[in-house]
Each structure stands twice: as structure tokens, then as C-alpha cells.
Amino acid sequence: MLLLAVVFALLQLANVTGRDTPDSKNYVSYALSLGGASKREAAAATIDWACSGDASIARRNQSVNVNDFHGADPTRRVLQRCRTSEWGVVERRMAAGQTTGHTVPFMPARFMRIFEVRPGYPAFLLPFVTVLGVTWGVWLASVAVAVAGGILVFLILRTLSVSAPLALTGQALYYVLPCGTTAMRPMTEGLMLALTLTAVWGCALSLTGRPRPGTALVGGALLALFTVKHSQSLFLGLCVAAAGTAVAVRRRRRGRVRGRGVVAVTAAGCCAALGTVLLARLLHYPSETESLQDLLTGHFSRPDRAHPWAELLHLEGNFWLEWARRQLRDPLFAVALAAGAWGALRRPAFGTFLLAAAFTGILTQAGHPDINIWGERLIVLAWVLPVVGLPLLLEPVSLRGLALPAQGHGERRDVRVTR
């Protein structure tokens, strides 16, 4: 397990910079502000980091351009142009009085308010950027959270008594599928994946006779998710509560004792969902309508929409139709989801919780139906289904492989797997 994690980490040295998205600047500047940097200091360090990434990408692209690979190195030109553009925006907004909060004003105040209520990821970045600086600190933080996600997949499968080779297969799938790629970006998704998998591990522990540590993991993950992105805490809490209720009802119909673990996990999900709603209102977090206006107005660059919810429903229909069309053209994701669901439901109780966790990716995408978001990062949480479910689907093949040598020597061997 550790060797696989180390190999993945070493491979990430191929791209130390250039992984950032426009939102990454907000989180990095937030982290620097938490470390005591002034607005200008945070802006300078963040802009240098982001522009260095742009310059690195421009240099790599130019080196393989069939018409211009022998041309002049564009690094200095791109770096200077990027710095001038970013500083022009920041200086103008700061001069207009946009100096409150922890983030540097790269965007309008209403938009930056959305990031101000997400201190979890900047707090996670803080020790890395403090010790190593922005470039290597952000890179190592991304490696750490991506590696942790793969290790959590391994632990989940071992908790379910899946063989070590199949558990390693799940860990490897996490690294090579979009989970690993997305977790390496300096955004909240990597931490959200790790915390969601922590909750799934807690569900697995609760279902295998360890309700106390299992419930503690679920509750702790949901609490941490509130600080990272409170909508994910709400979605996961609701889905865990629904899954726990479904498992309890199914067991009761079959005359089985519901078990303390399922009840405790269900209660944790309910408390998280209710607590998220109440605490967000108490802390005056931006409302769902505000987030919707951000979506429909291009980050508040246009006037607010008069009927945002009606427009969202219209957009949802268009989005999912186009999304389905693209899946038919390139069906890897759809096939992986189907195979993962098939494997997960071989363990009906655990599979219900895994499906619920993966469904939060669908909910996240539905809350922001923008087909142009690069890399489909919003729906990435749905990939936990094939990552964990495919090793469960392969389990019978693995068990038959273990039984064949024994049969070849005229022996009988019982291979039992805890369900």
C-alpha cells in the first residue's frame, strides 16, 4: 500500500506547477492570509505562483508546437503579461475598497464571499505553504490529500475483508481514474474526496461490528466537510441518513436486528444535514439563491435574474440531456458507474451507503449544471463508486483463483469472506 502511494507521489513530480484553476488563487491567498500575510503580500505570492504555472504551460506547449517548437522561449513574456493583468484587477478592486476578508480580491465581493465561508481547505494548505513556500507547499499538500484518498480506499476494502491484491487494485484505480487527477488540483475536491471516503470507511466499520469508531469517523468527516464546503456536508448527511434508513427498513422486513451501527450512522447523517442548514443560517452564509445567481450571471458580471429557480430547472433539462449525449459518445464513465454499482450491491448494506456517497457527486453537479467546467470536477465524487465497487465485483473471480490450487491437489478448502 505504501509503495503504491510513494510511486504515485513520485510520478507527480512531472507537474509541480500548472495544475491550478482560476479558483485556486482564492484558496491560496486565503491560506497565506491565515498565516499572517497582508493583502499585498498574499496577492504577490499568489500571483507569482499562478503566473509561473501559466508560463510553464506556455513553454511546454511551445516546445511541442509543430510550427513554433524552434521559436523563442515565451516564459518571460507570458509571466510578465499575466502579472500585469492580475495586478491590474487586484489594484483596481483594492482601490475601490474591496479589502475585507481573507481572500485577495481577484473577483467581485459577492463572488469572493462564497470562498470566505470555506476555511477548511486554506487551513489544510497553511502548514505546507508556511514551511515550503507556495509552489512546493501547494504541490505537497495536493500529493498528501491524493495519496490519503487512495489509502482510504485500501482501508475500506480491507475492512470488508477483501483480499489485499484487490484492495491494492482499488487504491490504484483511485490514482489512475479522475479521482487522482482531480485530487491533485489545488481545489477543495481532493479534500472532499478524502473526507467522503472517510465517512464511507466509517460506514464499513459500523456494518462490521465496530459502531463506535465507525460513527466517530462519519461524524468527524461530516463536521470537517462543513468547513471545506458546507453544501457537501449537507448532501452527504442527507444521503447517509437515507441510506441508513433504507438498510434499517430492509433488515426489519427480513426480521433481522437493525444493529446499533446502522442506527448511529443514520443519526449522524440526520444531525449533519440539520446542523448544516441551521449553522449556515446562523453564520449568514451565502444562500442557495445567491449561489444560483452566481451561476446564472457569470459570477455576477451581469444583472441578477428575476426568476433564477425557473431558469435553473430549464437549464437542468438541457444540461442532463447534453451530458447523456456525451456519455453515449464516450461511455467510460457510465460503464464504470454501472460496473461499480453491480459490485457494490454484492454487499447490499455497504453498497447502499457507497451508492449514497457517490450520489453526492450527482447532486453537486446538479447544483451547478455548467457543461463547460473543465475536467467534470464537480461530479468527481461519483467516481468513488467504481473505485470501491469494481474490486468487489472482481472478488468472486479472486476467490475462485484461490480455490483452484487446492482442488488441483485433491484438497477441499473453504474460503470465507465476511459479508
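Numbering (my numbering), first residue to last: 74 to 492. Quick reminder that beta carbons are idealized off the backbone N, C-alpha and C, glycines included.
How big is the Cα-Cα spacing for residue 135 and residue 146? Start at 1 with the first residue of the sequence shown, and residue 135 comes out as number 62. Start at 1 with the first residue of the sequence shown, and residue 146 comes out as number 73. Their Cα atoms are separated by approximately 8 Å.
Residue 277 in three-state terms, based on DSSP: Along the sequence shown, one-based indexing puts residue 277 at 204. Residue 277: helix per DSSP, three-state reduction.
Element boundaries [alpha helix (DSSP H), containing residue 381]: Numbered from its first residue, the sequence shown carries residue 381 at position 308. Taken as a continuous stretch (DSSP letters only), the alpha helix (DSSP H) holding residue 381 covers 381-402.
Measuring alpha carbon to alpha carbon, tell me which residue in 270, 212, 306 is nearest residue 260. Within the sequence shown, numbered from 1, the residue matching residue 260 stands at position 187. Nearest of 270, 212, 306 to residue 260, Cα basis: 212.
For residue 419, I'd like the list of residues in its chain whose CB is within less than 6 Å of its CB, leaving aside the five on either flank, ordered along the chain. Here residue 419 corresponds to residue number 346 of the sequence shown, with the count starting at 1. Within the same chain, residue 419 has close Cβ partners 465.
Taking the alpha-carbon positions, what's the residue 203 to residue 350 distance? Within the sequence shown, numbered from 1, the residue matching residue 203 stands at position 130. Within the sequence shown, numbered from 1, the residue matching residue 350 stands at position 277. One Cα belongs to residue 203, the other to residue 350, and the distance between them is close to 33 Å.
Three-state secondary structure assigned by DSSP to residue 492: Residue 492 sits at position 419 when you count from the first residue of the sequence shown. A caution first: residue 492 carries a pLDDT of 42, below 50, which makes its placement in the model too unreliable to give a value.
At what residues does the alpha helix (DSSP H) containing residue 436 begin and finish? Numbered from 1 along the sequence shown, position 363 holds the residue referred to as residue 436. Unbroken alpha helix (DSSP H) run through residue 436: 421-440.
Going by DSSP in three states, residue 371 sits in which element: helix, strand or coil? One-based indexing of the sequence shown puts residue 371 at position 298. Three-state result, residue 371: coil.
Less than 8 Å separating the beta-carbons of residue 264 and residue 218? Taking the sequence shown and counting its residues from 1, one reaches residue 264 at position 191. Taking the sequence shown and counting its residues from 1, one reaches residue 218 at position 145. Yes. Within cutoff.
For residue 142, collect the residues of the same chain with a Cβ closer than 8 Å to its Cβ; drop the 5 residues on either side in sequence, then sort them by chain order. Residue 142 sits at position 69 when you count from the first residue of the sequence shown. Hits under 8 Å: 135, 136.
With C-beta atoms as the reference, is residue 119 less than 8 Å away from residue 102? As a first step, residue 119 must be located in the sequence shown, where it is residue number 46. As a first step, residue 102 must be located in the sequence shown, where it is residue number 29. The criterion of a C-beta distance shorter than 8 Å is satisfied by residue 119 and residue 102.
CA nearest to the CA of residue 77, picked from 340, 348, 122, 248: Indexing the sequence shown from 1 puts residue 77 at position 4. The shortest C-alpha separation from residue 77 is found at 248.
Nearest-angstrom Cβ-Cβ length linking residue 458 and residue 397, presumed shorter than 8 Å: For this step, residue 458 is matched to residue 385 along the sequence shown. For this step, residue 397 is matched to residue 324 along the sequence shown. Actually they are not in contact, since the Cβ atoms of residue 458 and residue 397 sit about 18 Å apart, beyond 8 Å.
In or out: residue 395 buried (at least 16 other Cβ within 10 Å) or exposed? What you label residue 395 is simply residue 322 of the sequence shown in a count that begins at 1. Exposed is the call here.
Measuring alpha carbon to alpha carbon, tell me which residue in 85, 200, 214, 266 is nearest residue 452. By one-based count along the sequence shown, residue 452 stands at place 379. Residue 452 has its Cα closest to that of 266, out of 85, 200, 214, 266.
Start and end of the alpha helix (DSSP H) containing residue 444? Position 371 of the sequence shown, counted from the first residue, corresponds to residue 444. Premise fails: residue 444 is in no alpha helix (DSSP H) and is neither H nor E.
Where in the stretch 116-153 do unbroken runs of the alpha helix (DSSP H), each at least 4 residues long, occur, reported from the N-terminal end onward? Unbroken alpha helix (DSSP H) stretches of 4 residues or longer found wholly inside the stretch 116-153: none.
Terminal residues of the alpha helix (DSSP H) in which residue 209 lies: On the sequence shown, position 136 is the one that residue 209 refers to. Taken as a continuous stretch (DSSP letters only), the alpha helix (DSSP H) holding residue 209 covers 193-232.
Proximity below 8 Å, CB of residue 179 to CB of residue 367: On the sequence shown, position 106 is the one that residue 179 refers to. On the sequence shown, position 294 is the one that residue 367 refers to. No, the Cβ-Cβ distance between residue 179 and residue 367 is not below 8 Å.
I think residue 229 touches residue 74, with their Cβ atoms under 8 Å apart; what is that distance to the nearest whole Å? Translated into the one-based positions of the sequence shown, residue 229 becomes position 156. Translated into the one-based positions of the sequence shown, residue 74 becomes position 1. Going by Cβ atoms, the distance from residue 229 to residue 74 rounds to 12 Å, so no, they are not a contact pair.
Whole angstroms are fine: how far does the CA of residue 400 sit from the CA of residue 435? Counting from 1 along the sequence shown, the entry for residue 435 is found at position 362. Counting from 1 along the sequence shown, the entry for residue 400 is found at position 327. Roughly 14 Å separates the two Cα atoms.
Considering residue 302, what are the terminal residues of the alpha helix (DSSP H) in which it resides? Taking the sequence shown and counting its residues from 1, the one referred to as residue 302 is at position 229. Premise fails: residue 302 is in no alpha helix (DSSP H) and is neither H nor E.
With a 10 Å radius around its C-beta and 16 neighbouring C-beta atoms as the bar for buried, classify residue 407 as buried or exposed. Walking along the sequence shown from the start, residue 407 turns up at place 334. Counting the other Cβ atoms within 10 Å of the Cβ of residue 407 gives fewer than 16, which makes it exposed.
Keeping to the same chain, check which residues put their C-beta closer than 7 Å to that of residue 455; ignore five residues upstream and five downstream. The residue given as residue 455 occupies position 382 in the sequence shown. 410, 431, 434, 435.
Assuming residue 384 contacts residue 239 under a Cβ cut-off of 8 Å, what Cβ separation, rounded to an integer in Å, is found between them? Taking the sequence shown and counting its residues from 1, the one referred to as residue 384 is at position 311. Taking the sequence shown and counting its residues from 1, the one referred to as residue 239 is at position 166. The Cβ separation is near 46 Å, so there is no contact.
Quick check on this structure: which residue in 361, 338, 439 has the alpha carbon closest to the alpha carbon of residue 321? Here residue 321 corresponds to residue number 248 of the sequence shown, with the count starting at 1. Residue 321 has its Cα closest to that of 338, out of 361, 338, 439.
Cβ separation of residue 272 and residue 309, assumed to be a contact under 8 Å, to the nearest whole Å: What you label residue 272 is simply residue 199 of the sequence shown in a count that begins at 1. What you label residue 309 is simply residue 236 of the sequence shown in a count that begins at 1. Correct: roughly 6 Å between the Cβ atoms.
How would you label residue 187, buried or exposed, when you count the other beta carbons within 10 angstroms and need 16 or more for buried? The sequence position of residue 187 within the sequence shown is 114, counting from 1. It counts as buried.
Whole-number beta carbon distance between residue 333 and residue 284, since they are thought to touch under 8 Å: Along the sequence shown, one-based indexing puts residue 284 at 211. Along the sequence shown, one-based indexing puts residue 333 at 260. Contact between residue 284 and residue 333 holds: their C-beta atoms lie close to 5 Å from each other, under 8 Å.
Give the straight-line distance between the Cα atoms of residue 117 and residue 449, rounded to the nearest whole angstrom. Taking the first residue of the sequence shown as 1, we reach residue 117 at position 44. Taking the first residue of the sequence shown as 1, we reach residue 449 at position 376. Rounded to whole angstroms, residue 117 to residue 449 spans 30 Å at the Cα level.
Among 245, 200, 371, 234, which residue has its Cα nearest to the Cα of residue 222? Along the sequence shown, read from residue 1 onward, the residue named residue 222 stands at position 149. Checked all of 245, 200, 371, 234; the closest Cα to residue 222 is 245.
Residue nearest to residue 161 in terms of C-alpha spacing, selected from 149, 177, 148: As a working note, residue 161 is residue 88 in the sequence shown. Here the closest residue by C-alpha is 177.
Compare the C-alpha of residue 460 against each of 198, 140, 270 and name the closest. In the sequence shown, counting from the first residue as 1, residue 460 sits at position 387. The candidate whose alpha carbon is nearest that of residue 460 is 270.
First and last residue of the alpha helix (DSSP H) that includes residue 187? Position 114 of the sequence shown, counting from 1, holds the residue named residue 187. Segment 182-189, the alpha helix (DSSP H) holding residue 187.
For residue 353, which option in 149, 373, 82, 296 has the closest C-alpha, if you only look at C-alpha atoms? Residue mapping note: residue 353 aligns to position 280 of the sequence shown, counting from 1. Nearest C-alpha to residue 353: 296.
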